[in-house]
Each structure stands twice: as structure tokens, then as C-alpha cells.
Amino acid sequence: MSGDGAPTITVSGHGLRVVVLASSWHTTVMDGLLGGARRALTDMEVSDVRVVRVPGSFELPVAAARAARSGVDAIVALGVVIRGDTPHFDYVCQAATVGLTQVAVNSGVPVGFGVLTCDTEEQALARAGLPGSREDKGAEAAQAAVASARALREL
């Protein structure tokens, strides 16, 4: 299971401004990812949270770039891409991954990567943080973004 070896992240996000960017494809999975991110942010005492919906995972990098310029402390990017019969999957996954990485590196604002890139809908549901899911990638992305924001303040 891909979640094996994951760290337990316990950090306070009190006083941080966080933007959660969520794509609109695959509603059930996205509802789970967004719910997990919201729960994790609440647990970390982040009270300044703004959720912005974008059409799909391909649009996450441009939204993240705008969010980074707005002065937020961290960004959580949530999306779902499920393999189909064409190479479109590869292009969208690469664009989202490279684009979000560039935003983080170029802006210095941490981006929690919560974009599921799965072969099947069942794999996505298993990672969505829904009842019966094995993993909660929305919560993990939020925890990573907040923990990174805190770590960067130490530099």
C-alpha cells in the first residue's frame, strides 16, 4: 500500500493563511479529498482557509500561481485524474505535477500535492478519505502544506 511509511504530522497551523484549490472532475472522490483537507486544517487550527474550485487538474497550476502571489502561507492542490483510453491522462498528470512544482519552487509557497493519478476509479476511492477508504490523501496534502509552511519559517 502506498501509504506505508507515511510520517505522522502534528503541527499547528494557527495564524497561517491557506488556500485549497479543488478540481471539479470525479465529484465523489473530490468531495472526499476536500473533506479530508478541511478536517486536517481544522485539526491543525488553521482558521483562515479559502476554497477555490477550478474545472480540472490541468487548471490547478495557474490557480496556484495566482494564489501564491496573493500572499498565502500555503496551498493545497486537490485533483483526480483517472486513466482512460488515450494519452490524455499522461499529459494532464505531467502538466499538473510539473506546474505545481514550478509554482512552489518559484514562489517559495509550499504546495501540498493532493492530485490522485490512478488507473481506476476504485483506486481513487481507496485514497479519497471517504468511509471505507484506506487512505486520506486530502488530509495528507493539507498536513504537508502546513508543515512545510512552518518549516520554511525556520529558515
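Per our numbering, the very first residue in the sequence shown carries number 11; after that it's consecutive.
Glycine included, C-beta positions come from ideal geometry on N, C-alpha and C.
Keep in mind that this is a model prediction, so the values were computed, not measured.
Cβ shell of residue i (< 7 Å), same chain only, five flanking positions each side left out
i	result
Ala74	Leu31, Ile85, Ala87, Leu110, Val113 and Val121
Gly23	Leu51, Met54, Glu55, Val56 and Val156
Ser143	Gly42, Leu135, Ala136 and Arg137
Ala152	Ala47, Ala50, Leu51, Val86 and Gly122
Phe99	Val91 and Arg93
Residue from the options whose Cα sits closest to the Cα of residue i
i	options	result
Asp58	Ile19, Pro17, Gly25 and Leu162	Gly25
Gly148	Gly45, Val72, Ile19 and Pro65	Gly45
Gln133	Val28, Arg27 and His36	His36
Val29	Arg63, Val21, Thr20 and Gln104	Arg63
Gln104	Glu131, Arg76, Ala77 and Glu69	Glu69
6 Å CB neighbourhood of residue i in its chain, flanking five on each side removed
i	result
Ser67	Ser33, Gly89, Val91, Val102, Ala106 and Val125
Pro17	none
Pro65	Ser34
Other residues of its chain near residue i: CB distance less than 8 Å, five sequence neighbours each side excluded
i	result
Arg79	Ser117
Gly81	Arg27
Met11	Reliability fails at Met11, whose pLDDT of 45 lies under 50, so the model's placement of it is uncertain and the value that follows must be treated cautiously. So the qualifying residues of the chain are Arg144 and Glu145.
Assigned exposure category for residue i - 16 Cβ within 10 Å defines buried
i	result
Val137	Before going further, note that residue 137 is Arg rather than Val in the sequence given. The residue in question, Arg137, is buried, as its Cβ has 16 or more Cβ neighbours within 10 Å.
Leu165	exposed
Ala161	exposed
Thr127	buried
Asp95	exposed
Pro71	buried
Asp129	exposed
Val115	exposed
Val108	exposed
One or two residues paired with residue i in a DSSP bridge
i	result
Val62	Leu31
heavy atom of the ligand GTP below 7 Å from residue i C-beta
i	result
Glu131	In the structure shown, the ligand GTP is absent, as is every other ligand, since no ligand is present at all.
Legend entry - 3-residue-minimum beta strand (DSSP E) runs that sit fully inside the segment 82–164, ordered along the chain: 84–92 and 121–128
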